[in-house]
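Residue numbers (our numbering), protein chains in the order written: chain G, 1349 to 1559; chain H, 1349 to 1559.
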């Protein structure tokens, strides 16, 4: 039996798990959960994952991991090669820090901007089983935070091929997905952000990025 | 030379790093950064940590770790005993997942509720060098999310001594700090949340909790 990834297209959260599985060359089966149709909130998927979120990763013994924090920690421990979270203590710190920034300042900012403004997300300002109303001011703040995140990435990537350490890591993976997903709020690197563009275009060539 | 923790009283973010150092019995020097006086935004501290956040952890070689993600990853790798992030892959997944929930659903909800409502936090709705205005609706949402988090903890702790695995872990540490810090928005476990109260009161007896 292989791992089972509950997955959906290019949505950023399942993409994180999928890219990581592919970077580690771990075989997995895919079950598509149609987020556009709201399948994650239906009874069938709720019975699998009461948190109503995608991705989820089913292990061989039936254990279900229901968020990217769990999935990344599991895969790094169970399949340590290639390391995606650094090896030495200082490397592990750098990857954790930049992956956290990519999540909090990148993906969260985009989620704030999109979920609090898109008509299709009315009443769905946060993922999960509880409905929260949109907060327009939070959408505006998300756009400001996203611009600050792009500037921070471009500055950090001056003279560097990778964000956290001297090789591709989880930090690059999460940040790349954030930069790519920013198109949903019509944000992309400005032409002057040459470091960011170079880094993004290099990652886009990895097989995991187009999978 | 020992580690240097840039620290401040019972503020929840530095408390995470301090409790972890004490649980691992790692010696450290403390430098107090007076958050109440805004010292983290002053030039002296900005020269140490441009992110203007506390905690920061200075290593023997001069490396500075500037967030809890980095600090926890570093300490777990450099001082693996006692393990605070689980040992087996499934344990590591469980700790990562519950620590993430404690941060996103607990500490973030409290921060949203407090920073977007307290007069003293006007213009400081997010930590760090950029000023963001308060969003009153986000304060309200934070209160709802915090109540959902307390209910989730109480349910999970039924028949359990610890949140993620069968021993005290980083997940308990972060969640405990969130539950304790919720007093700043006048939230505490309701008398019916007996599992949550039992767990909280047991952790409060640990030397690291009162340090």
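Here a beta-carbon is modelled for each residue, glycine too, at the ideal position from N, C-alpha and C.
Values in this document were obtained by computation on a predicted structure and should not be read as measured data.
Residues of the region 1470-1488 of chain H that bring their beta carbon within less than 7 Å of a beta carbon in chain G comprise 1478, 1480, 1483, 1485 and 1486, in sequence order.
For chain G, the residues of the region 1411-1431 of chain H that bring a beta carbon within less than 9 Å of one of its beta carbons are 1411, 1413, 1414, 1415, 1416, 1417, 1418, 1419, 1420, 1421, 1422, 1423, 1424, 1425, 1426 and 1427, in chain order. One alpha carbon belongs to residue 1511 of chain H, the other to residue 1380 of chain H, and they sit about 31 Å apart. Across the region 1528-1541 of chain G, no CB contact with chain H closer than 8 Å is found for any residue. For residue 1443 of chain H, the enclosing alpha helix (DSSP H) begins and ends at 1437-1449. Taking 7 Å as the upper bound on Cβ-Cβ separation, chain H lies near no residue of the region 1373-1405 of chain G.
For residue 1532 of chain G, no pairing in a beta bridge is given by DSSP.
If the five residues before and after residue 1365 of chain H are omitted, its C-beta is found closer than 7 Å to the C-beta atoms of 1353, 1403, 1405, 1416 and 1419, all from its own chain and listed in chain order. Judged by DSSP in its simplified three-state form, residue 1374 of chain G adopts coil rather than helix or strand.
Membership of residue 1404 of chain H in the beta strand (DSSP E) is indicated by the continuous run 1404-1406. Classified as exposed, residue 1435 of chain H has fewer than 16 neighbouring CB atoms from the shown chains inside 10 Å of its CB. Residue 1537 of chain G and residue 1374 of chain H have their C-alpha atoms some 43 Å from each other. Under the 7 Å criterion on CB atoms, residue 1445 of chain H is classed as interfacial with respect to chain G. For residue 1441 of chain G, the nearest beta carbon of chain H is closer than 7 Å to its own beta carbon. With respect to the 7 Å criterion, residue 1360 of chain H and residue 1525 of chain H are classified as neighbours on the basis of their beta carbons. Using beta-carbon distances, residue 1437 of chain H counts as an interface residue toward chain G, with a partner under 7 Å.
Identification of residues in the region 1448-1463 of chain H having a C-beta nearer than 7 Å to some C-beta of chain G yields 1448, given in sequence order.
Counting the other Cβ atoms within 10 Å of the Cβ of residue 1424 of chain G gives 16 or more, which makes it buried.
The beta-carbon separation of residue 1438 of chain H and residue 1401 of chain G, rounded to 19 Å, does not stay under the 8 Å limit for a contact. Apart from sequence neighbours up to five positions away, the residues of its chain that approach residue 1550 of chain H with a beta-carbon distance below 8 Å are 1509, ordered along the chain. When the beta-carbon positions are compared, residue 1358 of chain G and residue 1556 of chain G stay at least 7 Å from each other. Within the region 1490-1502 of chain G, the residues whose Cβ lies closer than 9 Å to any Cβ of chain H are, in chain order, 1492, 1493 and 1496. Under the three-state reduction of DSSP output, residue 1479 of chain H falls in the coil class, being neither helix nor strand. Residue 1422 of chain G: member of the alpha helix (DSSP H) spanning 1416-1426, first to last residue. DSSP places residue 1393 of chain G outside any beta strand (DSSP E); the residue lies instead in the alpha helix (DSSP H), whose first and last residues are 1391-1396. The beta carbon of residue 1529 of chain H lies closer than 6 Å to those of 1360 and 1458 in the same chain, with the five residues before and after it left out. Take residue 1521 of chain H, set aside five residues on each side of it, and the residues of its chain with a beta-carbon closer than 6 Å to its own are 1367, in chain order.
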